[in-house]
Amino acid sequence: MPHPATTIQETGGAIAPHLMRLLEFVEPSREDVCLDVARGAGPMPAALGPRVRHLTAVEAKPVPARAGGRRTATVEFGTGPVRLPGEGDLPASARRDAYAGPPARRGSPDGATIRADATRLPYQDDTFSLVTARFSLYNLGDPEHVLRELLRVCRPGGRLIIADLVRGNLAGAERDRIERLRDPDHPGTPSIARLTEMITSAGASIRRLDVFTVERPIEPWLEGARDAVAADRIREALTDEVDGGPRTGAKPRIIGGELWFTQSWAHVAAEPI
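For the sequence shown, our numbering gives the first residue as 16, with consecutive numbering after it.
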């Protein structure tokens, strides 16, 4: 059963348990030259910056909207609590020094923020020892093309870290129905097997994999719905399931009088071949 994921207060800031789990998985080094690619401003630069020698943060251009549609933020993790399984087992080091050191270094050496196309990064081959992309892969262009570009700028022996939503290899497609009610442009949630297959096909070897379930309150997530009607349809579908109705794949529950649902997240560590 997932446990409540409270924010841990540290000197100079606070960090959520799900981000601490990712940081521990990344295993950043003081010798790392790191590139973080995200859609918009994400939390990774602030978390990774004090732990590496140099960090470049790219705020990548979003995918153009399809004709007749609009592009919304498919995933939004900055609002609302989450529940993680086994969060109490996180290493003490992750809790102790999550915000140790100076403020994160963002962008180029002169501090500017870099904005670029994730399928055409403005860096030479083999530039970075650590490349990270958190909940961005499917929003920045063709994911296979993005993966090849992330691997291109990663040095031999370096690490590419992908954090994204997944579904179990045996899970049905009904889960994506809820996602597409919220965002008609949602590209579909890949299975774990599909995500790892794309990474290996792009030219990498999988080194480590961390897959786990997260519970989230529905209301902060529904702030990204295309309209109030879509949000109401999602609430109705999840409430019906709680009452014994058709399954949505979201495994909803009522916690403290609020409607919560589940997502599966994966952290993948890969090395260029």
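We put the beta carbon where it would ideally sit given N, CA and C, even for glycine.
Owing to the predicted nature of the structure, the values given are computational and were not obtained by experimental measurement.
- With respect to Ala265, Leu253 sits close: the two C-beta atoms are nearer than 9 Å.
- In the DSSP assignment, the residues bridged to Thr228 are Ser279.
- Around the beta carbon of Ile30, 16 or more other beta carbons lie within 10 angstroms, which makes this residue buried.
- Three or more beta-carbon pairs separated by less than 8 Å link the stretch 140-154 to the stretch 51-60, which places the two stretches in contact.
- Contact check for Val161 against Thr142 fails: the beta carbons are separated by 9 Å or more.
- Taking C-alpha positions only, Val283 is separated from Leu38 by approximately 12 Å.
- Rounded to whole angstroms, the separation of the alpha carbons of Leu175 and Leu166 is 7 Å.
- In this structure, Trp275 sits near Glu230, with a CB-CB distance shorter than 9 Å.
- With contacts defined by Cβ atoms closer than 9 Å, Trp280 and Val168 do not form a contacting pair.
- Arg66 counts as buried, since at least 16 other C-beta atoms from the protein chains shown sit within 10 angstroms of its C-beta.
- Taking 9 Å as the cut-off, the beta carbon of Pro205 is found closer than this to the beta carbon of Asp179.
- A buried status is given to Asp51, since no fewer than 16 other beta-carbon atoms sit within 10 Å of its beta-carbon.
- The three-state secondary structure of Ala75, taken from DSSP, is strand.
- Check the Cα spacing between Leu136 and each of Arg190, Ala75, Ala188: the tightest is with Ala75.
- Here DSSP, grouped into helix, strand and coil, assigns Pro171 to strand.
- Non-local beta-carbon contacts of Ala246 in its own chain, meaning distances under 8 Å to residues more than five positions away in sequence, involve Arg197, Leu237, Ala240 in chain order.
- Within the same chain, Leu166, Leu175, Ala285, Glu286, Pro287, Ile288 come within 7 Å of Ala219 by CB-CB distance, once the 5 residues on both sides are set aside.
- Your pair Arg54 and Leu210 does not check out as a contact, with CB atoms roughly 17 Å apart and the cut at 8 Å.
- In this structure, the straight-line span from the alpha carbon of Gln278 to that of Gly271 is close to 19 Å.
- Assigned with DSSP and collapsed to three states, Asp200 falls in coil, not helix or strand.
- DSSP lists Val48 as the bridge partner or partners of His69.
- Counting only residues of its own chain and dropping the five nearest sequence neighbours on each side, Val41 has a CB closer than 6 Å to the CB of Ile176.
- Residue pairing for Phe143: DSSP places it in a beta bridge opposite Cys169.
- Ile233 places its beta carbon less than 9 Å from that of Glu273.
- Arg192 is not bridged by DSSP to any residue.
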